[in-house]
DNA sequence: ATACATACC
DNA sequence: TACTGGTATGTAT
């Protein structure tokens, strides 16, 4: 209602720049005055001009839409209406009101942390960020219109007394860890959205909670002495040393008769006060927020609803330091949604809002009314989303943190126009990115360069390679070409940059190995064979869906010979169990009984659920259900010690490392995706001949690069060679604008060439034999076979590994057009020693780590 | 596959 | 003086 005013006022008024009073703490302030200041401060700037341009683009989009709308006939609308109703009915059937989803959000998080640690700030308007950009502001500052994503210098205009504190992310991360520990007590699989925000599924907790004694629901108030006063500005990375003392205690071992000493003055009274919380959702969430406050001296707000979309909206409702429950009835949900402004919905931003407003839609009730129209004007994904919103539907399943899809780094700076500087910056970015990539053991095939010029115009240029890259040199080899292309396109004008970024995506391990990563679930299921036909089928289906959406397991764990695999697909028989199964079964016997029981319990629960409609691929329900299963399956795979440690009701969190079965190094993660990827890397890394020079003088490379651009022109033999190895687009540029010999020769040292043109040879990490292929699929298959052989040997008690030579012929690979023709040597693969290869000669005396060895003992 | 836009924190 | 940085996803080509 109020919201529309800012965007519909007058044309030419920059709705993009105007104050966004969508957020909490922004009610009842003088918007016109604030907007005036914002405009005056921004007017004429390059930023402003660009915003103007973007605004016009949006306006054109809207015009186009309105034109389209004008051409819609009654009949089309009728038909659309019918379609919409069908979908609505379908969606309605999928409505699930049985879950209790909670969205928790710390109040003004960064600002609150800073205020906590520096009491001087308490009653001042303050914000965290810089003169250029603020990340958040406290509620005092919000009264002036100062808010997140506003540049500090404008904020200062709005509020001259504003104190701007530079961010201290290490501290926020530490606090975030603290609150996440608490989250985990209510939902071990909670999904963090950011440092200060998370979605939790309270359903299971609430069920357990019903039978909890009061003692488990009793929490002590922090002693007043340790509260605000004593907190000084400490060492940056130091969390809270006295956490144990501060944290509210769960009185697990105290008698249930433990007295409630809640003092009359309230929670905050004196040292030894307790508070008892009930068993309802509200109480449980209140308890969680209470514990957060006790532990961190910071407040959180929460929303409770039957799905994520609603929970998110609800958490904003009583912010700060409040919570809001939306009852799990269709009525309550529909009522709630009717009044909901579309802009409040996560996913509907400034632009969508404006477009919807143009159609007279500002609340979700309008959304529902105009659905037929929307279905004709928006893409299917868009209007389906609108439809769900209008029905108050959202995800009832909180997905596990998905696999990362890209990684990037970018930097804004003062105008940068010199080619050498641009290139050296580019290299720097690549180095930073490579470092980050290394931390997560990632390799990606697509490199994207992002440029923003001084007029704030953004450009991206991407190149997808046939092989994955990870090192700074590899990334830079691509990025610099992309950059040079842009430089040359602009020439003779220089690129006047204000930002540069490098992103890498298309990680390997996602699409590549999917075909081979059959279900580990099946292998690990002991004695479930043939028990129930439908269930089996269901599992298969779920697994398929699971693996097609996110790959969790890699082929290393699915190391089953092909013939055997086929049998299992058709329906596994007990005598055809994989060694994984047998090994795992054996291991299970040695497990503590309770562990096994728990694991089993999970599977049992999973197999009871009703099968899913075959044609319901698009149905939310099936999607959600499938994911539930996937989730379980994933956990099934976790070595039992881990899996159970994290499930304890009141317990703490587990943070362990896993040991790579290839290199036997500790991988500092409990994320199986990361772990599996590490193994992928490990295997493919060690298999590749480390032929290219690992590093050459990067500086000289840069110097030569820029020289080449500026001065000497002329095609060289070396360059042609290089060009051959790059995809056409890059070639074009390289040909059109040639460089010097020197720059090129430097390139050759620094930048690794695509291996498929150089006849790469892969070495099996198990048998150490060179495989005459570079088709990873073929090669993986070989390793599968090899691994199996080795493991089977060991299971039979043979310590050495007299492994048969399993060679992969190149025929298969050439079929796929991935082998260069000259890779002829058809003979037996020959042994090769790769010194850098920490090859998996299984050494004994492995510590009690979480290796897959566990399965084999 | 690439480019650009939108969205979220 | 000064308008972010990281990730995901949608839209268009």
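In our numbering, the protein residues as written are -8 to 848.
A virtual CB, placed ideally from N, CA and C, is assigned to each residue, including glycine.
Under the DSSP assignment, residue 500 falls outside any alpha helix (DSSP H); it carries neither an H nor an E label.
Per the C-alpha coordinates, the member of 420, 410 and 430 positioned closest to residue 482 is 410. Residue pairing by DSSP places residue 491 opposite 402 and 442 in a beta bridge.
The continuous beta strand (DSSP E) containing residue 292 extends over residues 291 to 296. Here residue 385 is not near residue 331, since their CB atoms are 7 Å or more apart. Just so you know, the alpha carbons of residue 371 and residue 88 end up roughly 25 Å apart.
Close CB contacts of residue 74 within its chain, under the 7 Å cut and outside five residues either way in sequence, are with 366 (chain order). Within the same chain, 383 come within 6 Å of residue 324 by CB-CB distance, once the 5 residues on both sides are set aside. The region 390 to 409 and the region 192 to 201 do not touch, with fewer than three beta-carbon pairs separated by less than 8 Å. Residue 269 counts as exposed, since fewer than 16 other beta carbons sit within 10 angstroms of its beta carbon. For residue 192, no alpha helix (DSSP H) run applies; the uninterrupted beta strand (DSSP E) run containing it begins and ends at 188 to 192, by DSSP. DSSP, reduced to helix, strand and coil, places residue 36 outside both helices and strands of the structure shown, so it counts as coil.
Residue burial annotation: residue 118 is buried, with at least 16 other C-beta atoms found within 10 angstroms of its C-beta. In the DSSP assignment, residue 183 is bridged to 189. Here residue 328 has 355 and 383 as same chain residues with Cβ atoms under 6 Å from its own Cβ, once five neighbours each way along the sequence are excluded. In this structure, residue 81 keeps its C-beta atom at 7 Å or more from the C-beta atom of residue 156. Residue 267 is bridged by DSSP to 209. The three-state reading of DSSP puts residue 486 in coil, since its state is none of H, G, I, E or B.
In the DSSP assignment, residue 94 falls within the beta strand (DSSP E) that extends over 92 to 97. For residue 117, the enclosing beta strand (DSSP E) begins and ends at 117 to 120. Of all alpha-carbon atoms in 14, 402, 129 and 465, the one lying nearest the alpha-carbon of residue 335 is that of 14. In the three-state reduction of the DSSP assignment, residue 340 falls in the coil class, being assigned neither a helical nor a strand state.
Your pair residue 497 and residue 53 does not check out as a contact, with CB atoms roughly 34 Å apart and the cut at 8 Å. In this model, residue 185 and residue 267 are separated by some 30 Å (Cα to Cα).
Linking residue 178 to residue 113 through their CA atoms gives a straight-line distance of about 33 Å. Between residue 451 and residue 424 the beta-carbon gap is near 15 Å, outside 8 Å, which marks them as no contact. Residue 60 and residue 7 have their C-alpha atoms spaced approximately 24 Å apart.
Under the DSSP assignment, residue 9 falls outside any beta strand (DSSP E); it carries neither an H nor an E label. Counting only residues of its own chain and dropping the five nearest sequence neighbours on each side, residue 152 has a CB closer than 8 Å to the CB of 115 and 116. Excluding five sequence positions before and after residue 417, the CB atoms of its chain that fall closer than 8 Å to its own CB belong to 440, 467, 470, 471, 474, 491 and 493, given in chain order. Proximity of the region 291 to 307 to the region 87 to 101 meets the contact definition, three or more beta-carbon pairs being nearer than 8 Å. Shown here, residue 457 sits in a strand according to DSSP, grouped into three states.
Excluding five sequence positions before and after residue 100, the CB atoms of its chain that fall closer than 6 Å to its own CB belong to 187, given in chain order. Contact between residue 442 and residue 414 fails: their C-beta atoms lie close to 13 Å from each other, not under 8 Å. Residue environment for residue 120: buried (at least 16 other C-beta atoms within 10 angstroms of its C-beta). The closest CA to that of residue 10, considering only 149, 66 and 351, is found on 149.
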